[in-house]
Amino acid sequence: MRIFVLSCAIALLLSVSSAVAALTNAQRLARGLPILPPKFGRALPGYARTPTVAGTSKPISQVLALTNVFTGRILVKSHNGKPLGYLHNRVSGINGVNFGASSANLHVSFTTSRSGKGLIDIQVIDAAFPGPHYIGTTSNHTLATGSSTAVGFGNVVRTIWTFNPRTNELQVHYVNLDGHTAKTTIAYKIHDNTIFFVGDIGAYNAAQVNRDYHVSPITFYLDSAVEK
């Protein structure tokens, strides 16, 4: 019997102690009890040792490890694969093939993902012309099959290119104002040594009164070889 009474007394004492310990300092003061010292660590803002949630951004070193950087000159080839020359780096702009000294060849640099997927922009290195130092389209006309419309080529920032590291070919993917990607051909007019883009090279040539203004399809390739 004494043991039972003693056990009940101890249990009551522990529950009272626990209840007292759970009181806030304001409640303790109201009851004439001493206040508790502050508790540091998880209970205070700024001290909580909560797990850190991983961020979505990656360190720069990881981002660089997922990309490839390419530099070189852009070689222009005719429709039969014959090299015509390199893009011209001149004060008036980049349009045309360089038939002069190699010092006037246009040098470029661009970055691709390791997968090779996605569009890229192409930056010009040591440009002889004022910025922007990129290559792209200079107008926003609509390109389409059966249309003779052309879009200009020049030094404009445009993310419209893809690069094939196996063939080194650079292809253009022009997007019309309606958001649709147009089938695009890089056209070369030998009459005045100009380059531009068309959606239908046959339709463009058919619309020219003077045959001297006819154009032929060309392709761009990156040449990373060291110049001699």
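With mature numbering (1 follows the signal peptide of the UniProt record, and there is no 0) applied, the sequence shown corresponds to residues -21 to -1, 1 to 207, in that order. All C-beta atoms in this analysis are idealised placements derived from N, C-alpha and C, irrespective of residue type, glycine included.
{"Check": "Please classify N84 as buried or exposed, where buried requires at least 16 other C-beta atoms within 10 Å of its C-beta.", "Outcome": "buried"}
{"Check": "Please list the segments of the beta strand (DSSP E) lying wholly inside the region 139 to 191, counting only runs of 3 or more residues, in order along the chain.", "Outcome": "140 to 143, 148 to 151, 164 to 168 and 173 to 177"}
{"Check": "Using CA atoms only, rank isn't needed, just tell me which of A107, T91 and Q187 is closest to H170.", "Outcome": "Q187"}
{"Check": "Using the beta-carbon count (16 or more within 10 Å), is G51 buried or exposed?", "Outcome": "buried"}
{"Check": "Please go through the same chain and pick out, in chain order, the residues whose beta-carbon is closer than 6 Å to the beta-carbon of S127, but skip the five residues on each side of it.", "Outcome": "A182, Y183 and A186"}
{"Check": "Given a threshold of 16 other Cβ atoms within 10 Å of its Cβ, counted over all protein chains shown, does L156 qualify as buried or as exposed?", "Outcome": "exposed"}
{"Check": "Around the C-beta of V55, are 16 or more other C-beta atoms found within 10 angstroms, so that it is buried, or is it exposed?", "Outcome": "buried"}
{"Check": "Grab me the residues of L130's own chain with a C-beta within less than 7 Å of its C-beta, minus the 5 sequence neighbours each way, in chain order.", "Outcome": "Reading the sequence as shown, one finds Val at residue 130 and not Leu. Correct list, in chain order: T116, S118, H120, L122, Y153, F175 and F176."}
{"Check": "Return yes when the C-beta of L54 is under 7 Å from any heavy atom of the ligand FMN, and no when it is not.", "Outcome": "Among the ligands in the structure shown, none appear at all, so the ligand FMN cannot be discussed."}
{"Check": "For A83, name the three-state secondary structure that DSSP assigns.", "Outcome": "helix"}
{"Check": "Using 8 Å as the Cβ pair cut-off and three pairs as the minimum, do the region 53 to 73 and the region 92 to 100 touch?", "Outcome": "no"}
{"Check": "Given this structure, state the Cα-to-Cα distance separating G158 from T124, to the nearest angstrom.", "Outcome": "16 Å"}
{"Check": "Determine the contact status of A166 and I180, defining contact as a CB-CB distance below 8 Å.", "Outcome": "yes"}
{"Check": "Between which two residues does the beta strand (DSSP E) containing I99 stretch?", "Outcome": "Here I99 belongs to no beta strand (DSSP E), and DSSP marks it neither H nor E."}
{"Check": "S92 by DSSP, collapsed to three states: which one?", "Outcome": "strand"}
{"Check": "Less than 7 Å between C-beta atoms, sequence neighbours within five positions excluded: which residues of the same chain meet that for Y198?", "Outcome": "Sequence check: residue 198 is Thr here, not Tyr. Correct list, in chain order: K56, E148 and I165."}
{"Check": "In chain order, what residues of the same chain have a beta carbon less than 7 Å from the beta carbon of F78, not counting five sequence neighbours either side?", "Outcome": "G64"}
{"Check": "How is S71 classed by DSSP in three states: helix, strand or coil?", "Outcome": "coil"}
{"Check": "Could you tell me if S203 is buried or exposed, where buried requires 16 or more neighbouring beta carbons within 10 angstroms of its beta carbon?", "Outcome": "exposed"}
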